[in-house]
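Numbering (my numbering), first residue to last: 2 to 103.
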């Protein structure tokens, strides 16, 4: 799991933030168990977790989608599957298209 400090002042040790739900699920995904990450049902536009001055990007665990919505045009979202996006945006979704990685 990659992480970096995004503030200039002193912050607690990185190991102290690993008790949260998202960092714990990312650690399990690194060990080969994707189920805790799937159970979170994450659908987001910014695939980073920020806590206590530390930033953990988790885009590498997610699939990237372009979502055409009723009111906001086309937005880029990261999720494990289309169902998580539909749960997040409800009836505003017109079309969901996966963007393949190069």
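C-beta: ideal position from N, C-alpha, C; glycine also.
Assignment of residue 62 by DSSP, reduced to helix, strand and coil, places it in the helix class.
Counting the other Cβ atoms within 10 Å of the Cβ of residue 13 gives fewer than 16, which makes it exposed.
Distance from the Cα of residue 31 is smallest, within the candidate group 52, 85, 63 and 82, for 63. Counting the other Cβ atoms within 10 Å of the Cβ of residue 55 gives 16 or more, which makes it buried. Here residue 59 is buried, its C-beta having at least 16 other C-beta atoms within 10 Å. Listed in chain order, the non-local C-beta contacts of residue 65 below 8 Å within the same chain comprise 77, 78, 79, 99, 100 and 102, local neighbours out to five positions each way being set aside.
Around the C-beta of residue 68, 16 or more other C-beta atoms lie within 10 Å, and the residue is accordingly described as buried.
The beta-carbon distance between residue 70 and residue 94, rounded to whole angstroms, is 6 Å. This is short enough to meet the 8 Å contact definition. Note on geometry: alpha-carbon atoms of residue 43 and residue 87 lie some 11 Å from one another.
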